[in-house]
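Engineer:
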């Protein structure tokens with residue numbers, strides 16, 4: 001692995017994009033795996049070599065000494081006791097899944113069970129507690145656990161034992177949150193459709209799980225009773241979320257209804273001049289106003305679509321895979 | 333040189349299954365095993381500086397291993413006692429406190445005195461549990477009872493008035509203190525003599541000189557008032573909605589430290605605690621020890637880099653951690669548009685930092701655990717970490733509330 005000192009001490013190749021990055025914040029160093037790369041050895045950014053030295057051997061074995069001692073190219077041995085590193089990966093992987101798991105009915109990626117994720121994360125955190133930046137990480141992780149009841153008997157047993165060791169008593173079952181109340185829409189619209197299109201949803205503009213990760217936002221411009229109306233619809237994901245809106249050129253449409261297909265939908269009057277927009281500006285940007293604001297650049301970054309497809313394929317491959325976390329394996 | 337963590341992990345692994353209750357899922361000693369057992373009771377770096385955290389020189393490695401191996405039997409017995417105590421705890425339906433915090437050292441004592449638990453283990457464990465959980469120590473109920481008893485309340489209110497009436501505004505130091513010099517190296521090589529000089533020269537008190545000027549304590553994030561006012565005695569407190577530090581009542585100041593079973597045991601009794609707190613509230617920075625005040629001044633200086641330009645040393649380190657947070661937010665897919673309820677925290681990071689730092693050093697004063705020169709960086713760094721994690725929690729829960737709306 002390459003060790004670079006050009007801007008801070010960096011080991012290996014740092015993952016290029018946030019949505020493929022599984023991150024672990026250790027004491028004095030941050031570790032990152034590219035989830036698509038299938039490499040058990042993470043990249044590291046070392047901020048405080050003295051603190052990181054205490055545990056970096058758990059990640060790089062004998063190469064840790066060379067990394068901290070000024071080496072520029074190191075070989076990480078394959079053989080060794082990598083249980084702590086594997087637990088680091090589990091924590092990082094679960095945090096990645098929490099943020100980026102592309103649950104999608106359209107693409108056949110089942111949703112993760114938050115109960116399993118929280119339990120598995122707490123257990124993994126307890127194995128790497130000693131090297132984490134957050135010294136209260138176990139209590140913090142246990143505070144999120146709402147139930148010991150997971151489909152994996154061993155996991156259930158371990159998280160219950162962990163909670164007992166830390167004197168954590170589960171708060172009574174949290175009442176299920178009512179899903180975001182949406183009015184049923186007017187159904188299929190009358191009128192003449194003059195322009196239609198679809199735009200992919202930028203994942204960074206909506207919280208995880210709120211929109212079907214693989215579905216595009218469909219839009220149409222309809223002429224109805226002398227007026228021009230923009231209609232937008234997008235398939236929801238498994239998680240309830242904050243209100244959504246869609247921006248088309250400079251027009252905002254609140255997606256506060258549900259259409260006959262169960263899609264989140266909304267419409268707004270638009271000036272007839274939208275029909276004159278050049279094709280590259282006929283783009284709908286779906287976003288959650290309480291979460292993120294769309295940027296000026298409405299066109300998706302080049303390669304974004306391929307990257308999303310790769311992540312969706314990766315997630316699909318994790319369901320049922322023996323090497324995946326329990327959370328991913330048991331998603332359905 | 334070898335990382336101490338590596339040497340300890342190897343020696344620990346050789347102790348085998350017998351110490352599993354003190355180990356984590358990967359067979360390493362638990363963080364609290366190191367903090368509460370290995371460090372203070374086995375390795376004792378105070379007597380054996382060569383075993384201190386960090387790197388261990390090759391010539392000391394064998395001695396360190398031998399130390400742990402030698403303690404094997406007592407550690408194995410400690411582990412067994414821990415299992416016994418947990419079982420008794422369950423039987424007695426005790427849910428208070430963190431068992432590792434509360435029992436580890438007790439188990440070591442039991443192991444040293446009795447060896448491994450025998451057939452009478454439950455009988456031996458019972459009084460230990462009773463003692464740990466029936467511990468004297470002040471309680472929230474005791475505190476509230478004392479403060480709301482009208483006989484005390486009148487006297488204490490007069491005491492607050494009298495104490496505050498006699499306070500004088502500290503004078504600024506004639507010459508700038510050497511805080512920048514200390515901060516330059518405190519992370520890697522803290523200068524103990526310089527720290528003592530800052531304390532001896534009352535740099536902390538002098539640094540509080542402007543806090544009573546209108547708007548200054550407010551800008552520090554320590555109060556919502558234009559000028560700090562004397563605190564009320566207080567009748568109730570809730571962990572969720574505590575006011576800013578200088579606006580807290582005496583009850584609110586003492587409340588949080590008393591809710592932790594583990595930390596409570598070392599505190600003074602309620603009447604003494606309350607009187608000390610009244611005196612403390614009238615002191616510079618509303619703190620009692622010069623050491624704490626110096627830490628506040630150091631924190632104020634180091635945190636200036638979070639929002640402005642940073643000098644090197646501690647300020648630069650804090651700055652780089654804070655800058656990293658924007659990246660972490662993107663990786664964790666955190667909201668980039670902060671909801672209004674959280675916006676103040678996100679933008680007022682320095683104020684949040686100083687508030688958290690005040691709470692930290694205040695808690696240490698109560699436990700009479702003064703910050704040492706070596707610990708200053710850990711405190712300054714730990715406070716930012718805690719502010720950052722708290723902010724993430726707030727962003728997440730604000731979003732969840734939106735989702736449930």
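Residue numbers (the numbering used here), protein chains in the order written: chain W, 1 to 332; chain G, 333 to 737. Every residue, glycine too, gets a C-beta built ideally from N, C-alpha and C. A quick note: this is a predicted structure, and the numbers were derived from the prediction, not measured.
Ends of the beta strand (DSSP E) at residue 590(G)?
Structural biologist: The sequence position of residue 590(G) within the second chain is 258, counting from 1. No beta strand (DSSP E) holds residue 590(G); the alpha helix (DSSP H) holding it covers 582-590.
Engineer: Among 28(W), 105(W), 219(W) and 44(W), which has the Cα closest to the Cα of residue 194(W)?
Structural biologist: Taking the first residue of the first chain as position 1, residue 194(W) is located at position 194. Per the Cα distances, 219(W).
Engineer: Using the Cβ count rule (16 or more neighbours within 10 Å means buried), how would you classify residue 26(W)?
Structural biologist: Here residue 26(W) refers to the residue found at position 26 when the first chain is read from its first residue. Buried, since its Cβ has 16 or more Cβ neighbours within 10 Å.
Engineer: Can residue 719(G) and residue 684(G) be called in contact, C-beta distance under 7 Å?
Structural biologist: Here residue 719(G) corresponds to residue number 387 of the second chain, with the count starting at 1. Here residue 684(G) corresponds to residue number 352 of the second chain, with the count starting at 1. Yes, the Cβ-Cβ distance between residue 719(G) and residue 684(G) is below 7 Å.
Engineer: Distance cutoff 7 Å, beta carbons only. Does residue 35(W) sit that close to anything in chain G?
Structural biologist: Along the first chain, read from residue 1 onward, the residue named residue 35(W) stands at position 35. By this cut-off, residue 35(W) is not an interface position.
Engineer: Within the 7 Å Cβ cut-off, does residue 663(G) reach chain W?
Structural biologist: Indexing the second chain from 1 puts residue 663(G) at position 331. Judged by the 7 Å Cβ criterion, residue 663(G) is in contact with chain W.
Engineer: How many whole angstroms separate the CB atoms of residue 240(W) and residue 735(G), which I take to be in contact at a CB cut-off of 8 Å?
Structural biologist: To locate residue 240(W), count along the first chain from 1; it is residue 240. To locate residue 735(G), count along the second chain from 1; it is residue 403. So it is a contact: roughly 5 Å between Cβ atoms.
Engineer: Just to make sure I have the definition right: I need the residues of chain W whose C-beta is within less than 7 Å of the C-beta of residue 717(G). Which are they?
Structural biologist: Stepping through the second chain from its first residue, residue 717(G) is reached at position 385. The contacting residues are 133 and 134.
Engineer: Return the residue from the list 345(G), 641(G), 333(G) and 438(G) that minimises the CA-CA distance to residue 369(G).
Structural biologist: Taking the second chain and counting its residues from 1, one reaches residue 369(G) at position 37. Out of 345(G), 641(G), 333(G) and 438(G), 438(G) has the C-alpha closest to the C-alpha of residue 369(G).
Engineer: Measure from the alpha carbon of residue 555(G) to the alpha carbon of each residue in 577(G), 545(G), 569(G) and 540(G), then state which is nearest.
Structural biologist: Numbered from its first residue, the second chain carries residue 555(G) at position 223. With distances taken between Cα atoms, residue 555(G) lies closest to 577(G).
Engineer: With burial defined as no fewer than 16 other Cβ atoms inside 10 Å of the residue's Cβ, what is the status of residue 645(G): buried or exposed?
Structural biologist: To locate residue 645(G), count along the second chain from 1; it is residue 313. Answer is buried; the Cβ neighbour count reaches 16.
Engineer: So which residues of chain W does residue 590(G) contact, with C-beta pairs closer than 7 Å?
Structural biologist: Taking the first residue of the second chain as 1, we reach residue 590(G) at position 258. Those within 7 Å of residue 590(G) in chain W number zero; the least Cβ separation is about 17 Å.
Engineer: Please confirm whether residue 668(G) has its beta-carbon closer than 7 Å to some beta-carbon of chain W.
Structural biologist: In the second chain, the residue the question calls residue 668(G) occupies position 336. It does; some Cβ of chain W falls within 7 Å.
Engineer: Pairing CB atoms from the segment 353-372 of chain G with CB atoms from the segment 419-429 of chain G, are three or more of them under 8 Å?
Structural biologist: Because the criterion of three Cβ pairs below 8 Å is not met, the segment 353-372 of chain G and the segment 419-429 of chain G do not touch.
Engineer: Return the residues of the segment 687-705 of chain G that lie within a Cβ-Cβ distance of less than 7 Å from chain W, sorted by chain order.
Structural biologist: Flagged: no residues at all.
Engineer: Is the CB of residue 338(G) under 7 Å away from at least one CB in chain W?
Structural biologist: As a working note, residue 338(G) is residue 6 in the second chain. Yes, residue 338(G) lies at the interface with chain W (some Cβ there is under 7 Å from its Cβ).
Engineer: Counting only runs of 4+ residues fully inside the segment 334-397 of chain G, write out the alpha helix (DSSP H) ranges in chain order.
Structural biologist: Complete alpha helix (DSSP H) runs here, min 4: 336-345.
Engineer: Does the Cβ of residue 498(G) have 16 or more other Cβ atoms within 10 Å, making it buried, or fewer, making it exposed?
Structural biologist: Within the second chain, residue 498(G) is the residue found at index 166, counting from 1. Classification for residue 498(G): exposed.
Engineer: Got a sec, what are the start and stop residues for the beta strand (DSSP E) residue 199(W) sits in?
Structural biologist: One-based indexing of the first chain puts residue 199(W) at position 199. From DSSP, the beta strand (DSSP E) with residue 199(W) extends over 192-200.
Engineer: For residue 224(W), which of helix, strand or coil comes out of DSSP?
Structural biologist: In the first chain, counting from the first residue as 1, residue 224(W) sits at position 224. In this structure, residue 224(W) counts as strand in the three-state DSSP scheme.
Engineer: Only counting the same chain, and skipping five residues up and downstream in sequence, which positions put a Cβ closer than 8 Å to that of residue 73(W)?
Structural biologist: For the purposes of this step, residue 73(W) is taken as the residue at position 73 of the first chain. The answer, listed in chain order, is 1, 2 and 3.
Engineer: Does any C-beta atom of chain W lie closer than 7 Å to the C-beta of residue 735(G)?
Structural biologist: As a position in the second chain, residue 735(G) is number 403, starting the count at 1. Output row for residue 735(G): interface = yes.
Engineer: Kindly give me the distance between the Cβ atoms of residue 230(W) and residue 251(W), rounded to whole angstroms, as I take these residues to be in contact under 8 Å.
Structural biologist: Within the first chain, the letter at position 230 stands for residue 230(W). Within the first chain, the letter at position 251 stands for residue 251(W). The Cβ separation is near 6 Å, so the contact holds.
Engineer: Within the 7 Å Cβ cut-off, does residue 43(W) reach chain G?
Structural biologist: Against the first chain, residue 43(W) aligns to sequence position 43. Answer no: the Cβ-Cβ gap between residue 43(W) and chain G never drops below 7 Å.
Engineer: Mind listing, in chain order, the continuous alpha helix (DSSP H) runs of no fewer than 4 residues lying wholly within the segment 608-676 of chain G?
Structural biologist: DSSP runs (the alpha helix (DSSP H)) wholly in the segment 608-676 of chain G: 622-639 and 645-663.
Engineer: List the residues of chain A that residue 472(G) touches, going by C-beta distances under 9 Å, in chain order.
Structural biologist: Here the protein chains are W and G, and chain A is not one of them.
Engineer: Looking at the secondary structure, which residues open and close the alpha helix (DSSP H) in which residue 459(G) lies?
Structural biologist: The sequence position of residue 459(G) within the second chain is 127, counting from 1. Here the alpha helix (DSSP H) through residue 459(G) covers 453-465.
Engineer: If you follow the beta strand (DSSP E) that residue 45(W) is in, where does it begin and where does it stop?
Structural biologist: Looking up residue 45(W) in the first chain gives position 45. Taken as a continuous stretch (DSSP letters only), the beta strand (DSSP E) holding residue 45(W) covers 43-46.
Engineer: Looking at chain G, which residues of the segment 81-95 of chain W have a Cβ within less than 7 Å of any of its Cβ atoms?
Structural biologist: Flagged, chain order: 83, 84, 87 and 95.
Engineer: Return the CA-CA distance between residue 63(W) and residue 13(W), expressed in angstroms with no decimal places.
Structural biologist: As a position in the first chain, residue 63(W) is number 63, starting the count at 1. As a position in the first chain, residue 13(W) is number 13, starting the count at 1. Rounded to whole angstroms, residue 63(W) to residue 13(W) spans 16 Å at the Cα level.
Engineer: Pull up the DSSP beta-bridge partners for residue 4(W), would you.
Structural biologist: As a position in the first chain, residue 4(W) is number 4, starting the count at 1. Looking at the DSSP assignment, residue 4(W) forms a beta bridge with 10(W).
Engineer: If you drop the 5 nearest sequence neighbours on each side, which residues of the same chain put their C-beta closer than 8 Å to that of residue 523(G)?
Structural biologist: Taking the second chain and counting its residues from 1, one reaches residue 523(G) at position 191. Hits under 8 Å: 513, 514, 517 and 705.
Engineer: Is any beta-carbon of chain W found at less than 7 Å from that of residue 358(G)?
Structural biologist: Counted from its first residue, the second chain places residue 358(G) at position 26. Cβ-Cβ to chain W under 7 Å: yes for residue 358(G).
Engineer: Does any residue of chain G bring its CB to less than 7 Å from the CB of residue 219(W)?
Structural biologist: On the first chain, position 219 is the one that residue 219(W) refers to. Not an interface residue.
Engineer: Check each residue of the segment 475-487 of chain G: if its Cβ is closer than 7 Å to any Cβ of chain W, include it; give the result in chain order.
Structural biologist: Here the close residues number zero.
Engineer: Determine the chain W residues that contact residue 553(G) at a beta-carbon separation under 7 Å, and present them in chain order.
Structural biologist: Translated into positions along the second chain, residue 553(G) becomes position 221. Those do not exist, as residue 553(G) stays about 22 Å from chain W at its closest Cβ, beyond 7 Å.
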